[in-house]
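Reviewing the structure listed below.
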Amino acid sequence: MKIRILIPLLALANLLNAQEVLDTIYANGHKNVALFFSEPIRQGIVGAPNFVFSYNREKEQHFGLVQAKPGEESNLLVLTKDGRVYSYILKYRKQLSRLNHFVTGSESIGTERPITIRKEEQEDEELDSIAKRREYFERFCNYLLKAKNERLATKRKGRIKLQLQKMAYNGNETYLVMQVSNNSNIDFEVDYLKVYSVTGNKKKKASHQRLERLPIHRYQMPSLVKKGESKRFVYVLPKFVLAKGEYSEMELHEGKGSRKVLLRDP
């Protein structure tokens with residue numbers, strides 16, 4: 076029998092401990108009781124007409140005023156701009172010992188909605204995501220450079236050779252493995268490499284329609300190819316598939332010089 080009695084008593088004690096114990100605010104009709112919050116007040120609601128909670132509804136302010144008339148006790152619910160919820164018991168009292176209440180965020184009983192992630196945290200997450208994506212690109216690009224290469228297209232101009240060695244698809248990206256060789260007696264300073272999708276007849280320039288494919292990552296892209304050197308690199312582009320009648324162009328330009336190479340796929 077003792078066990079049967081103690082179990083409900085313990086359960087009742089735990090239930091009482093788990094309930095919220097709300098602070099009581101005393102007010103009357105001839106003095107203002109002020110509540111100052113750490114965030115501007117968005118909404119304030121009282122549960123009975125003998126209590127009034129006034130705050131500026133047009134201009135955000137951090138404080139509100141409580142007044143009361145004799146009557147039964149009620150409650151006050153306050154929502155602040157940051158989504159925090161505050162709740163208090165309201166009671167009428169003829170004589171007041173406290174007129175100002177400074178409310179801290181720790182007194183909140185919860186939030187109206189999930190607390191939004193701060194801008195700094197969002198930026199950190201975005202940077203982390205970008206870093207992980209870049210790391211993935213570089214691992215796959217490194218794999219492609221170590222794998223057996225092919226020779227899909229080659230163009231020589233002024234003893235500068237541009238070669239497309241492989242085109243690979245992975246996820247939502249297209250990877251172009253390329254090589255620049257400098258067989259001249261002058262170093263080749265790379266200005267830029269552009270990739271285009273072209274629609275039209277290769278022999279009739281007037282009928283061409285070129286769409287530039289902007290890279291999202293460049294792996295080991297050289298800025299300088301010295302005389303007698305060859306450099307391999309990978310261009311990562313958003314995934315694209317050439318339609319019938321389309322072909323690709325890679326246009327390599329020299330910086331501080333006039334040399335350029337225009338490579339078309341087969």
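Heads up: the sequence shown at position 34 corresponds to 109 in our numbering, and the numbers run straight through without jumps.
Idealized CB from N, CA, C, for every residue including glycine.
Query: Alpha-carbon to alpha-carbon, Val300 and Ser259; Result: 10 Å
Query: Whole-Å CB distance - Val270 paired with Ser305, under 8 Å assumed; Result: About 20 Å; that fails the 8 Å criterion.
Query: CB-CB length for Leu337 against Lys230, believed under 8 Å; Result: 7 Å
Query: Enclosing beta strand (DSSP E) for Leu152 [first to last residue]; Result: Ser149 to Thr155
Query: Separation of Glu264 from Lys331, as counted between CA atoms; Result: 7 Å
Query: Nearest candidate by alpha-carbon position, reference Asp262, set Ile116, Glu329 and Ser149; Result: Glu329
Query: For Asn342, the three-state DSSP class (helix, strand or coil); Result: This structure does not reach residue 342, given that the chain is present from 76 up to 341, and the question cannot be answered.
Query: Glu210 to Leu268 span [Cα, whole Å]; Result: 22 Å
Query: Arg234, DSSP secondary structure in three states; Result: coil
Query: Coarse secondary structure for Ser46, derived from DSSP in three states; Result: Residue 46 lies beyond the range of the chain shown here (76 to 341); nothing can be said about it.
Query: Supposed close pair Leu140, Leu151 - CB separation, criterion 8 Å; Result: Wrong, their Cβ atoms sit about 11 Å apart, outside the cutoff.
Query: Nonlocal neighbours in the same chain, by C-beta distance under 6 Å from Gly119, ignoring five residues either side; Result: Phe128, Tyr130, Gly139 and Val153
Query: Among Pro145, Arg117 and Arg234, the one whose alpha carbon lies nearest that of Pro124; Result: Pro145
Query: Residue range of the unbroken beta strand (DSSP E) whose run includes Val160; Result: Arg159 to Tyr167
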